[in-house]
Amino acid sequence: MVQAEFVISAVSKRDFPHEGIPEIVFAGRSNVGKSSLINRLAGRANLARTSATPGKTRCINFYRINGGFYFVDLPGFGYAKAAKSAVERWKEFIEQYFQSRTTIALVVQLVDSRMPPTDLDLRLSDWLAKLNLPRLLVATKSDKLSNNQRSASTRIISNSLGGVSVVMSSVKTGAGCKEIWKRVLKAAAFIESASK
Ligand code: GTP
Ligand code: MG
2 MVQAEFVISA VSKRDFPHEG IPEIVFAGRS NVGKSSLINR LAGRANLART SATPGKTRCI
62 NFYRINGGFY FVDLPGFGYA KAAKSAVERW KEFIEQYFQS RTTIALVVQL VDSRMPPTDL
122 DLRLSDWLAK LNLPRLLVAT KSDKLSNNQR SASTRIISNS LGGVSVVMSS VKTGAGCKEI
182 WKRVLKAAAF IESASK
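Taking the working numbering, the leading residue of the sequence shown gets 2, the next gets one more, and so forth.
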């Protein structure tokens, strides 16, 4: 059983928690499935709020997992209806997050398995690469693809993001979750031992 608890919905830098435990960050476009994946990994249906309406998560939400590390749910970017000023605020907030946290163990970047990475996905990927943090690329909603489509999609996504490996995931079937958990635990343990 995974123990998961909501910690805080941060609306500004001041709200970020100070425990200093490792952080696993989930980043990606709005509606790609960040909150759903957090729920699935935590084994809780309603820990993080999900919605078919894009732009649901507007804050940076922290969840404490097994008392040992955080899952951090970033607000999705690329929400079409968002005003330009909101997009700027979003960018600034996310930048503040990445600049001020020294305990980020892993950035899980989510892309939609049903389409090639979009311009926004590529920009996020470049931006994350510059931060020099360990990364895991996850392609969501793989339950919506056939086996053949899944292999093709894995290839396309990997190629367009510089040959990195991709984990195909689905919160419906649980595909990929074991592999993601493995990576999460390894990254959290590494950061913990490095900080001692
Ligand atoms: P924002 O909070 O707007 O950034 O979105 P998000 O990335 O947190 O997406 P969310 O988890 O809210 O999921 C968006 C929609 O996609 C919801 O309707 C989910 O049910 C659906 N969804 C997420 N993951 C999967 C999946 O693996 N398979 C299927 N079929 N649907 C999924
Ligand atoms: Mg969300």
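Beta carbons: idealized from backbone N, C-alpha and C, even for Gly. All values derive from a computational prediction rather than experimental measurement.
Close beta carbons around residue i, own chain, < 7 Å, minus the five adjacent residues each side
i    : result
W128 : none
K142 : G34, D113, S114, R115 and S171
Y98  : I61
Buried or exposed (CB count within 10 angstroms, at least 16 for buried), residue i
i    : result
M169 : buried
T3   : Correcting the residue type first, residue 3 is Val in the shown sequence and not Thr. Under this definition V3 is an exposed residue.
R156 : exposed
F7   : exposed
Reduced DSSP category for residue i - H, G, I as helix; E, B as strand; rest coil
i    : result
R41  : helix
T141 : strand
V8   : strand
I105 : strand
S62  : Per the sequence shown, residue 62 should be read as Asn rather than Ser. It is a strand residue.
V165 : coil
C-alpha gap between residue i and residue j, whole angstroms
i    : j    : result
S31  : A195 : 33 Å
S37  : F191 : 26 Å
L111 : R184 : 14 Å
I25  : D122 : 19 Å
T51  : R45  : 12 Å
K14  : N149 : 44 Å
I158 : S86  : 31 Å
A84  : F78  : 12 Å
Own chain, CB closer than 6 Å to residue i, minus 5 neighbours either side, in chain order
i    : result
F72  : I25, I39, Y64 and I66
P135 : L107 and A188
A43  : V3 and A5
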